[in-house]
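J.:
Numbering (the UniProt record's numbering), first residue to last: 1 to 376.
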């Protein structure tokens, strides 16, 4: 009897161990970060409710599926330094703490961007443009303070955001008008001085367009020739149902990787709504008046539209997996459809469906598709 009991216990333990392994395997197969391990990081942009823990359902999803985070707004200069010399790091500190506690790759977004910058940054007390020297000093102070505060904690920074137009010319931002194209080099140098170990990136939208592609390659090679540290290029993924094409996206992935820096797909989302204008862009300055015909799916997507969006996402993730040797990270610009900026841009008050999780925090079929593709 004792021998039988011994064998019974051993058998029970083996069965339990096997069941536990299967459970862990099943759990891993359902998580994006597990499926994509060894291919590229999978990231998400976090909003204030997620950073503070108010959105508990969102926090659970982020911990389960993602291993990299980017702040949606709390590290932009208008938030961090609304008045000259007066910094507000409250939310940014919580964001970095969240990433550290959950062993995530933490991205800082963004140091120098013409949009969502405080007005004081570019003008004197009389409202007139400051001198080149003053703006450079303000840039240096902002970058040194912000990057220095998170030295060794934030792993990579979007140093300069959206400095080049689609045709390849420099955007005529205040940074460019007052300093000249040198503001890009200076921003990277200041960031490197503040944290020599942090990765430094250039980030922009419409990166599949030939003019912008060629200009970014030229800019990166120019920085490299001057000995300036630049570690990666972020290709913003604000997609529509017909832009960009797979072919042009692939050309840019390859062209950017040939500069020797890391390539990242950033700010990824996919709108299914009609465009109110002819310009295909992710320029936050664009805005159009609400019209009912521009909001065709206020109560849910027709099956045919949902399937078309699924298929388009699948095509691009197959492309990313094909070039996993070149792509370091893919970051979604938001967690659920409810969170997305697409609901209010470029037409306020619309209902869009651009992300991987629906308004009830449920994964869309594309999540399972990505996992299956990754496991092949």
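By construction, the Cβ of each residue, glycine as well, lies at the ideal position given by its N, Cα and C atoms.
Determine, using beta carbons only, whether residue 302 and residue 351 come nearer to each other than 8 Å.
T.: Not in contact: residue 302 and residue 351 (Cβ atoms no closer than 8 Å).
J.: Using 8 Å for Cβ pairs, my map puts residue 156 next to residue 107. What's the rounded Cβ distance?
T.: About 5 Å; that satisfies the 8 Å criterion.
J.: According to DSSP, residue 71 sits in a beta bridge with which residue or residues?
T.: DSSP lists 46 as partners of residue 71.
J.: Rounded to whole angstroms, what is the Cα-Cα separation between residue 256 and residue 126?
T.: Their backbone Cα atoms lie some 43 Å apart in a straight line.
J.: Is the CB-CB distance between residue 175 and residue 114 below 8 Å?
T.: In this structure, residue 114 lies closer than 8 Å to residue 175 by Cβ.
J.: Measuring CA to CA, which of 105, 83 and 291 is closest to residue 118?
T.: Nearest C-alpha to residue 118: 83.
J.: Can you give, in chain order, each stretch of the alpha helix (DSSP H) that sits fully within the region 221-260 and has at least 4 residues?
T.: 246-257, all fully within the region 221-260.
J.: Under 8 Å by Cβ, that's how I've got residue 331 and residue 45 pegged, so tell me the actual separation to the nearest angstrom.
T.: Going by Cβ atoms, the distance from residue 331 to residue 45 rounds to 7 Å, so yes, they are a contact pair.
J.: Which class does residue 359 belong to by DSSP, given the choice of helix, strand or coil?
T.: It is coil, neither helix nor strand.
J.: Which residues in the same chain as residue 223 place their Cβ atom closer than 8 Å to its Cβ, once the five residues preceding and following it in sequence are excluded?
T.: The residues are 184, 185, 188 and 230.
J.: Any chance the region 356-364 sits against the region 69-88, with 3 or more Cβ pairs inside 8 Å?
T.: They do not touch, by the three-pair rule.
J.: Could you compute how far the alpha carbon of residue 354 sits from the alpha carbon of residue 305?
T.: If you take the alpha carbons of residue 354 and residue 305, they lie about 12 Å apart.
J.: Give the DSSP-derived three-state secondary structure of residue 334 in the structure shown.
T.: Three-state result, residue 334: coil.
J.: Grab the span of the beta strand (DSSP E) containing residue 109 for me, first residue to last.
T.: Note, residue 109: beta strand (DSSP E), 105-113.
J.: Give the range of the alpha helix (DSSP H) segment to which residue 93 is assigned.
T.: 90-101 is the span of the alpha helix (DSSP H), which, as asked, contains residue 93.
J.: Cα separation between residue 154 and residue 292?
T.: Residue 154 and residue 292: Cα-Cα distance of roughly 43 Å.
J.: Would you grab the beta carbon distance between residue 135 and residue 69 for me? Rounded to a whole angstrom, and I think it's under 8 Å.
T.: Not really, about 31 Å apart at Cβ, beyond 8 Å.
J.: For the putative contact between residue 88 and residue 79, defined by C-beta atoms under 8 Å, what is the C-beta separation to the nearest angstrom?
T.: Between residue 79 and residue 88 the Cβ distance is about 7 Å, and since that is below 8 Å, they are a contact.
J.: Would you call residue 201 buried or exposed, if buried means 16 or more other Cβ atoms sit within 10 Å of its Cβ?
T.: Counting Cβ neighbours within 10 Å, residue 201 comes out buried, since at least 16 surround it.
J.: Using 8 Å as the cut-off, can you tell me whether the region 203-223 makes contact with the region 137-148, which would need three or more C-beta pairs spanning the two stretches below that distance?
T.: The region 203-223 vs the region 137-148: no contact.
J.: By the DSSP assignment, the alpha helix (DSSP H) with residue 146 in it spans what residues?
T.: Counting along the chain, the alpha helix (DSSP H) containing residue 146 begins and ends at 132-149.
J.: Checking contacts by CB at 8 Å: is residue 170 closer than that to chain B?
T.: Of the chains in the structure shown, none is chain B; there is only one protein chain.
J.: Inspect the beta-carbon positions of residue 111 and residue 48 and report whether they are closer than 8 Å.
T.: Going by C-beta atoms, residue 111 is not nearer than 8 Å to residue 48.
J.: Can you check whether the CB of residue 39 is closer than 8 Å to the CB of residue 374?
T.: For residue 374 and residue 39, yes; Cβs fall inside 8 Å.
J.: If you run the structure through DSSP and keep just helix, strand and coil, what is residue 152?
T.: Looking at residue 152 - three-state DSSP - the assignment turns out to be coil, as it is neither helix nor strand.
J.: Going by beta carbon distance, what residues of the same chain come within less than 6 Å of residue 195, once the five residues before and after it are set aside?
T.: Correct list, in chain order: 147 and 151.
J.: Under three-state DSSP, which class holds residue 120?
T.: Three-state DSSP puts residue 120 in a helix.
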